[in-house]
Amino acid sequence: MMKSTPAEQIAQLCEELAQHNYRYYVLDAPSIPDAEYDRLFQRLQTLEAAHPECVRSDSPTQRVGAKPDSGFAEVVHELPMLSLDNAFNDEDLAHFVRRVCERLQMDEQHLWITAEPKLDGIAVSLVYAHGQLVRAATRGDGSTGEDITLNIRTLRNLPLRLLGQGWPDWLEVRGEVYMPQAGFEALNARAREAGEKTFVNPRNAAAGSLRQLDPAVTAQRPLLFCAYSTGLVQGGELPTSHQQSLELLQSWGLKINPEMQRLQGLEACLQYYQQLAAKRADLGYDIDGIVYKVDDRQQQQTLGFVARAPRWAIARKFPAQEQVTRLNKVEFQVGRTGAITPVARLEPVFVGGVTVSNATLHNMDEIARLGIMAGDQVIVRRAGDVIPQIAGVVLEARQGNEEPIHLPAACPVCGSEIERAQVSRHGRQQSFGAVYRCVGRLACAAQVKQSLLHFVSRRAMDIEGLGDKNIEQLVDRGWVKSPADLYRLQVEDFLQLEGFAQLSSQNLYEAIQASKTVSLARFIYALGIPEVGEETARVLAQGLGSLARVRVAQEPLLKLLPDIGQEVAAEIVHFMQDSHNAQVLDALLAAGVEPEAVTEPCAPGLGRIDLETFLVQLKIPAVGPTGAARLAQSIDEVDTFLALTPAELAQIPGLNSKAQQSLRQCLSDAQWRAQTQAFYQQLQAFGFWQRPDQALALEPSAGLVLQGQTWVLTGTLSQMTRDEAKARLQALGAKVSGSVSAKTQCVVAGEAAGSKLSKAQALGVSILDEASFLEKLKLWEAEQA
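All letters in the sequence shown, in the order written, are residues 1 to 785 by full-length UniProt numbering.
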């Protein structure tokens, strides 16, 4: 229950929000939905605005402060922030353990070492006085850093006041500020859209964010803090175990690395290195090695320091993720959708544990953004198993003989013209993305072969026996120019191909014929529509119900479906309206391919569309949700809206002048009105329109047993493949994810389940073995039937 006085209410809300932040950012186990957190935060803002005298410095609303008058002030560290010696191989690590054991006069098997990932971020020092964050500084040269307190306060996973109790009067916490890979990619994507400079890597982004003079800019960056040690501690004590000290910091609200382990002896340290190296690509953040520390603090004091590094710690390095090499030339490849993709041919260089000689350049806009030229010295980046990318150019290394990179005038495979993808929006042609495509479509051998390989693949039409070599023979002989041609082939045709006998020819013919009956989702995925993967294909099938509807669905209607935005909707419409693609679809249907319609379309979240939602979806400039609501209150149907006169618009309550002007322009455009009318008529035809006199319909998806749940499959299943298990879960309404989080409903663990099972156990997520899973599936499927 909320306490009586404003000061008490504010104090309680601050404490409650701090606990929610702790569970969300530190424990990765949120206790309330985001919407409820936002409601509490807004309640706090309202109270503080009404009672500014009660605002606390540790309030979540006070994270972003004013700009400093000048640059960053210097901070002298009470205890130096030392660097670490490096170990580059097993022998170096073994030598470190031997030296430690000799100095401590103990056997290796009795030595306990704490190991944790070495985050590739920025080292910082935080000072908490009586539990309150009072100062933050960069490492600097180890003795003197810069005061970045205002910027550090903006980090949402960092407590402004420590939780719990028992903390020392003066507590210096040391750790790393870093940027997760997903946040880094999103930050760079926003920068590209705005035409701004992008960051080379997450560490560079984190450093640049911390050195912003305006804390409001730092607050917009996806930064996190992770504690790895302590500095000066006064007025209290910490455990003698390094691991236990970090776990105590976590109980006070500070994030520590969940991969940290306490190890006994050299062999355990070597095994930890191999385990973490295998997980490195899936961590979600960059690491450049492992830090090994003698766990006992008294033993640390005995070992002491040498020069600028402690004798009791060492960093075991991973292979470098970035290297500099020469860009020899750029070649252009043609994908199955006709997209022309530039590929960098590099002077071979060892990076991220492999030799790299090629790297993606994405598109011509990326080449322009980087300002890259053939012959440049470039920075090549590789994180885990991600395709190598060129992150930047070493401009100082240019010698004047470098050559600009130009898009070829014609398709490098078939010689057809190249066009930049366009999309029509309300009758106006606009550039769509940075994609250039060959217009040869099915006349382009590169597109035909790749499209066919995708079409017959296991997750699409699942035609066994049509691999690369067989597709190549069929295309090269001119027998197959589109997927529809596959269904015209006979057993005698296959007998003429290299490697085919009577039985294999008969089997392939039967496999092709059997594929004629296919689920709508698989068929849509098999078409290879740009940006439409398996999940989007499933959304289209469940939401629209039939291929006929998918073929004619308009952009605004498609955007009403879950996870389909402007770009994906535009790609679907563009694909379906293309005459070549329409001919192939007609030929497939004529050949007997029958995508199974969904008898009861059940797009999650679609339900029925009322007038207000319809008006919002029109995206009329200056008319947001509030303006749409006011319009819907004053008119009763779409026809009335389209017939509004300027005088009538002026009489609608609460509609400002900008909204009125924008509406007048749209309503005076005959083409815009026609497209809006067509959208309305399609909603009616598909049964998605809600008349004013109808009660709000329940979402059709409400009847699905597992609707709204997220499941994860891990390990090997003996009774079915993981793809089959995924399909059965999806048929029951579940979303099947590749990673475990606190929002995961259940994890199905087969044999040899690995890190996903461990994370599920740590988070308290429900876990089913295969036998239990199969039993529940049968019950649910019987209930669904």
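Glycine included, C-beta positions come from ideal geometry on N, C-alpha and C. What you are looking at is a predicted structure, and each value in this text was computed from that prediction instead of being measured.
Checklist entry - With 8 angstroms set as the bound, which would you pick, yes or no: does the beta-carbon of LEU213 sit closer than that to a beta-carbon of chain D? => result In the structure shown, chain D cannot be found, because there is only a single protein chain.
Checklist entry - Which stretch, first to last residue, makes up the beta strand (DSSP E) that contains TYR228? => result Segment 224–234, the beta strand (DSSP E) holding TYR228.
Checklist entry - Excluding five sequence neighbours on each side, which residues of the same chain lie with their C-beta closer than 8 angstroms to the C-beta of GLU247? => result For GLU247, where only same-chain residues beyond five positions count, the Cβ hits under 8 angstroms are ILE256.
Checklist entry - What's the gap between the Cα of HIS426 and the Cα of THR676? => result Confidence in HIS426 is poor, its pLDDT being 39 and thus under 50, which makes the residue's placement unreliable; the coordinate value appears in the next sentence. Rounded to whole angstroms, HIS426 to THR676 spans 9 angstroms at the Cα level.
Checklist entry - So, using beta-carbon positions, are GLN323 and VAL354 closer together than 8 angstroms? => result The Cβ-Cβ distance between GLN323 and VAL354 does not fall below 8 angstroms.
Item to check | CA-to-CA distance, GLY545 to ALA782, given in whole angstroms | outcome: Looking at the two C-alpha atoms, the distance is approximately 22 angstroms.
Checklist entry - Is ASN560 helix, strand or coil by DSSP? => result Note that residue 560 is Leu in the sequence shown here, rather than Asn. DSSP places LEU560 in coil when its eight states are reduced to three.
Checklist entry - Got a sec, what are the start and stop residues for the beta strand (DSSP E) ASP468 sits in? => result DSSP places ASP468 in no beta strand (DSSP E) but in the uninterrupted alpha helix (DSSP H) bounded by 468–476.
Next on the checklist: Counting beta carbon pairs with one atom in the stretch 751–764 and one in the stretch 725–732, are three or more of them shorter than 8 angstroms?
Outcome noted: Cβ pair count under 8 angstroms is below three, so no.
Checklist entry - Is DSSP giving GLY289 helix, strand or coil here? => result Here GLY289 sits in strand by DSSP.
Item to check | Sheet register partners of ASN358 (DSSP bridge) | outcome: In DSSP, ASN358 forms a bridge with ARG345.
Checklist entry - If you count every other CB in all the chains shown that lies within 10 Å of the CB of GLN542, and 16 or more means buried, which is it? => result In this structure GLN542 is buried. Its beta-carbon is surrounded by 16 or more other beta-carbon atoms within 10 angstroms.
Next on the checklist: Judging by CA-CA distance, which residue of SER457, LEU683, LEU589 is the nearest neighbour of VAL552?
Outcome noted: Among SER457, LEU683, LEU589, the Cα nearest to that of VAL552 belongs to LEU683.
Item to check | Paired residues, beta bridge with GLN333 - DSSP | outcome: Under DSSP, GLN333 shares a beta bridge with THR341.
Checklist entry - If we count Cβ pairs, one from each stretch, closer than 8 angstroms, do we get three or more for the stretch 150–162 versus the stretch 215–230? => result Contact between the stretch 150–162 and the stretch 215–230 is present, because at least three Cβ pairs lie under 8 angstroms.
Item to check | Complete alpha helix (DSSP H) runs within the stretch 477–541 (minimum length 4 residues, chain order) | outcome: If only uninterrupted alpha helix (DSSP H) runs of at least 4 residues are considered, those enclosed by the stretch 477–541 are 491–495, 502–514, 520–526.
Next on the checklist: Is the beta carbon of LEU17 closer than 8 angstroms to that of LEU47?
Outcome noted: Pairing LEU47 with LEU17 gives a Cβ-Cβ distance that is not under 8 angstroms.
Next on the checklist: Restricting to runs no shorter than 3 residues, where is the beta strand (DSSP E) found entirely within the UniProt domain "BRCT" (701–785)?
Outcome noted: Whole beta strand (DSSP E) segments, 3+ residues: 710–714, 735–737, 746–749, 766–769.
Next on the checklist: Buried or exposed, going by whether 16 or more other CB atoms sit within 10 Å of the CB of ALA521?
Outcome noted: By the neighbour-count rule (16 or more Cβ atoms within 10 Å), ALA521 is buried.
Checklist entry - Tell me which same chain residues have a C-beta within less than 6 angstroms of the C-beta of ALA628, skipping the five on either side of it? => result For ALA628, the CB contacts under 6 angstroms within the same chain, skipping 5 residues up- and downstream, are GLU612, LEU615, VAL616 in chain order.
Checklist entry - In its own chain, which residues sit with a C-beta less than 8 angstroms from the C-beta of CYS54, not counting the 5 before and 5 after it? => result Cβ within range, chain order: PRO6, ALA7, ILE10, LEU47, GLU48.
Checklist entry - Start and end of the beta strand (DSSP E) containing ARG391? => result First, the amino acid is wrong: residue 391 is Ala here, not Arg. Looking at the DSSP string, the run of the beta strand (DSSP E) that includes ALA391 is 389–393.
Checklist entry - Quick one: any contact between the stretch 163–175 and the stretch 92–100, if contact means 3 or more CB pairs under 8 angstroms? => result No, they do not touch.
Checklist entry - Any chance the stretch 130–141 sits against the stretch 286–301, with 3 or more Cβ pairs inside 8 angstroms? => result No contact exists between the stretch 130–141 and the stretch 286–301.
Checklist entry - CB GLN745 to CB GLN709, shorter than 8 angstroms? => result Contact flag set, yes.
Item to check | Contact belief for ILE609 with TRP689 at Cβ below 8 angstroms, rounded distance in angstroms | outcome: That belief holds up - the Cβ atoms of ILE609 and TRP689 are roughly 6 angstroms apart, short of 8 angstroms.
Checklist entry - Roughly how many whole angstroms lie between the Cα atoms of ARG549 and GLN665? => result Those two C-alpha atoms are separated by around 31 angstroms.
Item to check | Nearest to LYS449 (by Cα), restricted to the options PRO483, ALA460, TYR436, GLY465 | outcome: Sorting PRO483, ALA460, TYR436, GLY465 by C-alpha distance to the C-alpha of LYS449 places PRO483 at the top.
Item to check | Any 3 or more C-beta pairs closer than 8 angstroms across the stretch 176–183 and the stretch 116–127 | outcome: Of all C-beta pairs linking the stretch 176–183 to the stretch 116–127, three or more are shorter than 8 angstroms, placing the two stretches in contact.
Item to check | Extent of the continuous alpha helix (DSSP H) to which TYR273 belongs | outcome: Run containing TYR273: 265–279, per the alpha helix (DSSP H) assignment.
Next on the checklist: Below 8 angstroms, how does it come out for the stretch 105–114 and the stretch 187–204: are there three or more Cβ pairs, yes or no?
Outcome noted: Counting C-beta pairs with one atom in each stretch, the stretch 105–114 and the stretch 187–204 have fewer than three that are closer than 8 angstroms, which means they do not touch.
Next on the checklist: Could you give the first and the last residue of the continuous beta strand (DSSP E) run that contains VAL378?
Outcome noted: For VAL378, the uninterrupted beta strand (DSSP E) segment begins and ends at 377–381.
Next on the checklist: Between which two residues does the alpha helix (DSSP H) holding GLN301 run?
Outcome noted: Per DSSP, GLN301 belongs to the alpha helix (DSSP H) from 297–303.
Item to check | GLY140 versus ILE113, ALA207, PHE88, ASN201, residue with shortest Cα-Cα distance | outcome: For GLY140, the nearest C-alpha among the options comes from ALA207.
Item to check | First through last residue of the alpha helix (DSSP H) which encompasses GLY183 | outcome: From DSSP, the alpha helix (DSSP H) with GLY183 extends over 181–193.
Next on the checklist: Let me check understanding here. Comparing Cα to Cα, which of THR302, ARG161, ALA73, ILE564 lies closest to ARG99?
Outcome noted: Closest option to ARG99, Cα to Cα, is THR302.
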